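Heads up, the thing below is written out as structure tokens.
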Amino acid sequence: MTRPTTSASSSLLNPWLIGVSFVAVFAGVLGWSYWPTLLELQRQWTVEPDYSHGFLVAPIAMAFLWMRRDLLPVQQIHPSLWGLVLLFASLLLRYVGVRFSLTPVDGYALIVGIAGVVWLLGGAALLRWSAPAILFLLFMVPLPFRFEYMLSQPLQNVATSASCYILQCLGQPAFAERTTILLNEQQLKVEQTCSGLRIFMSTVALAVAYGIAFRSEWWEKITVLLAAIPIAVIANVSRIVITGLLYQFYSDEAAKQFSHDIAGVFMIPYAVLLFAIFIFYLNRLIPETQSVSMSEVVHRTRTET
Numbered sequence: 547m548t549r550p551t552t553s554a555s556s557s558l559l560n561p562w563l564i565g566v567s568f569v570a571v572f573a574g575v576l577g578w579s580y581w582p583t584l585l586e587l588q589r590q591w592t593v594e595p596d597y598s599h600g601f602l603v604a605p606i607a608m609a610f611l612w613m614r615r616d617l618l619p620v621q622q623i624h625p626s627l628w629g630l631v632l633l634f635a636s637l638l639l640r641y642v643g644v645r646f647s648l649t650p651v652d653g654y655a656l657i658v659g660i661a662g663v664v665w666l667l668g669g670a671a672l673l674r675w676s677a678p679a680i681l682f683l684l685f686m687v688p689l690p691f692r693f694e695y696m697l698s699q700p701l702q703n704v705a706t707s708a709s710c711y712i713l714q715c716l717g718q719p720a721f722a723e724r725t726t727i728l729l730n731e732q733q734l735k736v737e738q739t740c741s742g743l744r745i746f747m748s749t750v751a752l753a754v755a756y757g758i759a760f761r762s763e764w765w766e767k768i769t770v771l772l773a774a775i776p777i778a779v780i781a782n783v784s785r786i787v788i789t790g791l792l793y794q795f796y797s798d799e800a801a802k803q804f805s806h807d808i809a810g811v812f813m814i815p816y817a818v819l820l821f822a823i824f825i826f827y828l829n830r831l832i833p834e835t836q837s838v839s840m841s842e843v844v845h846r847t848r849t850e851t
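Take any residue in the sequence shown, note its place counting from 1, add 546, and you have its number in the numbering used here.
In structure tokens, the structure reads:
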């Protein structure tokens with residue numbers, strides 16, 4: 547009586563053991579191939595403050611998979627050779643990234659390779675299920691320089707104009723000249739490193755994470771994503787205004803210490819706080835609706851009549 551049970555259990559376990567073995571092998575090969583890329587990404591997360599959030603991206607992506615485990619299409623998972631297409635594209639991107647020393651392209655190749663392995667081992671159903679987590683990995687790759695410049699320039703201009711306007715509203719003799727705020731004898735230079743790109747990237751990543759973690763309506767996700775832009779600007783403008791006020795009413799040393807040390811630590815938590823306040827307001831503004839099936843509507847109508 548025990549032999550059929552043992553054979554049945556082994557027949558059930560064998561496919562999963564084989565699948566786990568394949569995943570382990572492909573993950574090991576992918577990790578070994580892209581190990582230099584991972585080291586370079588880790589270096590940029592450490593050196594460049596704009597991308598210091600990169601350390602958190604992979605753990606958060608893993609958390610997304612765990613949160614979506616109830617949606618895993620177990621019955622539809624099967625290998626698909628179409629995954630080789632993405633793996634081939636990953637190799638081409640990696641060649642371009644290594645050949646021309648383009649770290650962002652090499653990083654994107656890693657993400658495409660991960661998607662290819664998922665498609666190859668689990669098919670299109672598994673790829674669709676894991677797509678939000680895989681796409682979120684894009685936040686761990688630094689932007690190409692051209693796109694980074696295209697983002698930082700408008701952020702610099704908006705931060706300079708808004709900060710100067712607020713200082714003027716507070717009665718301070720502020721005057722904006724390009725990306726420099728003239729404040730009496732002081733010059734507040736809103737350089738590219740102070741453009742707010744770090745806060746912008748972190749806030750956008752937070753908005754995307756919120757959209758993935760909470761299964762809300764599509765319009766709510768878009769609203770939250772768009773709100774990340776003014777939230778990042780407000781956080782950066784607050785830093786510049788406080789720095790200017792410290793120059794005016796305290797000392798140069800206090801202003802420099804706040805701008806380079808204190809603000810660097812507290813601006814991201816401050817942006818997160820602003821984001822949380824916006825989410826709270828949005829939830830209070832738009833009450834949660836409950837979906838009701840047609841049969842329930844008919845039943846309630848009959849009960850009331």
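Beta carbons: idealized from backbone N, C-alpha and C, even for Gly. All values derive from a computational prediction rather than experimental measurement.
1. Between the Cα of G669 and those of S636, V575, L637 and W628, spot the shortest distance and give me the residue it belongs to.
2. Comparing C-alpha positions only, which one of P719, M613 and I660 sits nearest to G574?
3. With H, G and I counted as helix, E and B as strand and the rest as coil, what does DSSP make of F760?
4. For N782 and Q702, what's the separation of their Cα atoms in angstroms?
5. What is the C-beta distance between L587 and G600, in whole angstroms, given that I count them as a contact (C-beta under 8 Å)?
6. Between which two residues does the alpha helix (DSSP H) containing E586 stretch?
7. Where does the unbroken beta strand (DSSP E) through Q733 begin, and where does it stop?
8. 9 Å is my cut-off, CB to CB: does F812 come that close to chain D?
9. Check whether the region 676-686 and the region 748-763 are in contact - that is, three or more C-beta pairs closer than 8 Å.
10. Closer than 8 Å is the cut-off here; do at least three beta carbon pairs connect the region 620-636 with the region 705-717?
11. Tell me the residue span of the beta strand (DSSP E) that contains T726.
12. Is it buried or exposed for I814, if we count other Cβ within 10 angstroms and need 16 for buried?
13. Going by DSSP, what residues sit across from A722 in a beta bridge?
14. Among the residues of its own chain, which have a CB less than 7 Å from the CB of S626, if the five just before and after it don't count?
15. Could you check where the alpha helix (DSSP H) with G717 kicks off and where it finishes?
16. Taking the C-alpha atoms as reference points, what is the distance between E766 and Q732?
17. Measure the beta-carbon distance from V787 to V704 and round it to whole angstroms, keeping in mind my assumption that it falls under 8 Å.
18. Measure how close the beta-carbons of I777 and F826 come, nearest whole angstrom, since I'm counting them as under 8 Å.
19. Can you name the start and end residues of the alpha helix (DSSP H) that G669 belongs to?
20. With distance defined between alpha-carbon atoms, name the residue in S797, R744 and R615 nearest to V818.
21. From the DSSP output, in three-state form, read off I623 for me.
22. When the Cα of C740 is compared with those of S805, M696, A607 and R615, which residue comes out closest?
23. Within 10 Å of its beta-carbon, does Y695 have 16 or more other beta-carbons around it, so buried, or fewer, so exposed?
24. Taking the straight line between their C-alpha atoms, what separation do you get for M608 and L681?
25. Are the beta-carbon atoms belonging to V631 and G662 less than 9 Å from one another?
26. Cutting at 7 Å between CB atoms, please list the residues of its own chain near Y793, excluding the five before and the five after it.
27. With distances taken from CA atoms, which of E723, L771, Y641 and Y597 is nearest F824?
28. Which class does L689 belong to by DSSP, given the choice of helix, strand or coil?
29. Might you give, ordered along the chain, the residues of its own chain that have their beta carbon closer than 7 Å to the beta carbon of Q718, omitting 5 neighbours on each side?
This is what the structure holds:
1. Nearest option by C-alpha distance: W628.
2. I660
3. coil
4. 10 Å
5. Indeed, because the Cβ distance is near 6 Å, the residues count as touching under 8 Å.
6. Residues W581 to V593.
7. Q732 to K735
8. Checking the listed chains, one finds no chain D in this structure; it contains a single protein chain.
9. Pairwise C-beta distances place the region 676-686 in contact with the region 748-763, as three or more of them are shorter than 8 Å.
10. no
11. Residue range T726 to L729 is occupied by the beta strand (DSSP E) that includes T726.
12. So I814 ends up on the buried side.
13. DSSP, once it has assigned bridges, lists I727 as partnering A722.
14. Short of 7 Å from the beta carbon of S626, and not among the five residues preceding or following it, lie these beta carbons of its own chain, in chain order: W665, L666, G669 and A670.
15. Where G717 is concerned, there is no enclosing alpha helix (DSSP H), given that its DSSP letter is neither H nor E.
16. 43 Å
17. Actually they do not touch by this definition, with Cβ atoms about 14 Å apart.
18. Contact doesn't hold; Cβ gap of about 13 Å is too wide.
19. T649 to F682
20. R744
21. Residue state, collapsed to three classes: coil.
22. S805
23. exposed
24. 12 Å
25. yes
26. Answer for Y793: L729, Q732 and A801, listed in chain order.
27. L771
28. coil
29. L729, G790 and Q794
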